[in-house]
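For the numbering used here, add 10 to where a residue sits in the sequence shown, where the first one is 1. Note that the Cβ used here is the ideal one computed from N, Cα and C, for glycine as well. Contents: one structure, followed by commentary.
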Amino acid sequence: MINDKRILEKLREEPCYKSPDIAVVLGSGLGSLADGNDSQSISYSGISGFPQPTVAGHGGKIVFAEFGGNNIMMFQGRFHFYEGYAMDVVTLFPRLVAALGAKLYLVTNAAGGVNKEFHPGDLMVISDHLNLMGTNPLIGKNRDEMGPRFPDMTHAYDPEFSQLLTECGRDAGVEMKKGVYAALTGPSYETPAEIRMLRTMGADAIGMSTVPEVITARHAGLKVCGVSCITNLAAGVTDQPLSHAEVLETGERVKYDFIKIISSFLEKVSV
Ligand code: HPA
Numbered sequence: 011m012i013n014d015k016r017i018l019e020k021l022r023e024e025p026c027y028k029s030p031d032i033a034v035v036l037g038s039g040l041g042s043l044a045d046g047n048d049s050q051s052i053s054y055s056g057i058s059g060f061p062q063p064t065v066a067g068h069g070g071k072i073v074f075a076e077f078g079g080n081n082i083m084m085f086q087g088r089f090h091f092y093e094g095y096a097m098d099v100v101t102l103f104p105r106l107v108a109a110l111g112a113k114l115y116l117v118t119n120a121a122g123g124v125n126k127e128f129h130p131g132d133l134m135v136i137s138d139h140l141n142l143m144g145t146n147p148l149i150g151k152n153r154d155e156m157g158p159r160f161p162d163m164t165h166a167y168d169p170e171f172s173q174l175l176t177e178c179g180r181d182a183g184v185e186m187k188k189g190v191y192a193a194l195t196g197p198s199y200e201t202p203a204e205i206r207m208l209r210t211m212g213a214d215a216i217g218m219s220t221v222p223e224v225i226t227a228r229h230a231g232l233k234v235c236g237v238s239c240i241t242n243l244a245a246g247v248t249d250q251p252l253s254h255a256e257v258l259e260t261g262e263r264v265k266y267d268f269i270k271i272i273s274s275f276l277e278k279v280s281v
């Protein structure tokens with residue numbers, strides 16, 4: 011069981027620590043937003059008790075930055091259920107930032123395009139999700155100090171913040187897509203039959219992360235918004251095999267648009 015209190019104490023002692031208004035989680039291949047601010051960073055390995063990521067493309071550091079008067083706490087690299095971490099590790103970030111006083115939790119991730127209109131390199135504002143991980147991070151005794159036993163998920167992804175993300179895309183010359191993110195545990199990619207099933211269920215994009223964090227963030231009263239980078243077409247949409255290398259390559263290709271859009275959002279947003 012992870013010791014949140016101890017990690018919070020350690021974070022607050024860091025010289026670069028500033029109490030966050032907004033938390034940003036950077037997904038596979040999307041970590042470069044945090045790269046300009048290295049002097050303000052702490053590596054996960056430097057925080058005693060902090061878990062360590064195991065996936066290529068996840069740097070493993072926390073970066074503190076300021077955008078338009080907002081204090082931002084960025085996590086470069088997340089913890090996935092498929093890595094074998096327990097749900098309390100997978101959902102550590104939202105619990106930490108809620109305790110530190112953040113108001114908004116911005117998620118980013120790499121995802122496969124299930125919607126046939128999507129292309130690799132598209133950015134999708136997440137309008138809703140399908141939790142298909144077969145579990146829920148809130149199972150167990152409710153932590154009443156964090157939030158209610160049965161949290162409402164009607165507006166899991168805040169409509170106003172989502173609209174601002176779309177507008178920031180437009181200002182950057184990018185017509186962002188909008189859609190439903192479905193999460194399976196992975197780590198195997200899906201079969202073509204699973205992708206057909208997901209499409210029937212209303213999914214536009216498929217990934218292996220984010221949903222447990224969002225459930226935990228909403229439980230803790232954080233507002234949430236998110237962007238998926240469609241790094242590849244999901245299995246069976248084309249004959250091409252899927253690879254993590256393609257996921258990282260597409261992330262690299264869109265990173266300038268991605269940085270521009272997320273930076274301008276963080277500058278404009280008021281929480
Ligand atoms: N499936 C699941 N997760 C993913 C994919 C995919 O096609 N692409 C990036 N993350």
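If you draw a straight line from the Cα of L140 to the Cα of A192, it is about 4 Å long. For N242, the shortest C-beta to heavy atom distance toward the ligand HPA is below 7 Å. K126 carries a coil assignment under DSSP once its states are collapsed to helix, strand and coil.
The region 70-81 makes no contact with the region 197-209, as fewer than three CB pairs between them are under 8 Å.
For C178, the enclosing alpha helix (DSSP H) begins and ends at P169 to D181. Between the ligand HPA and V257, a heavy atom-to-CB distance of less than 7 Å is present. Counting C-beta pairs with one atom in each stretch, the region 235-247 and the region 110-121 have three or more that are closer than 8 Å, which means they touch. The three-state secondary structure of A108, taken from DSSP, is helix. Under the 10 Å beta carbon count, H129 is surrounded by fewer than 16 other beta carbons and is classified as exposed. Spatial neighbours of A227 in its own chain (CB-CB distance under 6 Å, excluding positions within 5 residues in sequence) are listed in chain order as P104, Y115 and V234. Within 7 Å of the C-beta of I216 there is at least one heavy atom belonging to the ligand HPA. In the structure shown, E155 adopts coil according to DSSP, grouped into three states. Looking at the backbone, the Cα of A215 and that of G123 are separated by about 5 Å. At the C-beta level, S38 and L258 come within 8 Å of one another.
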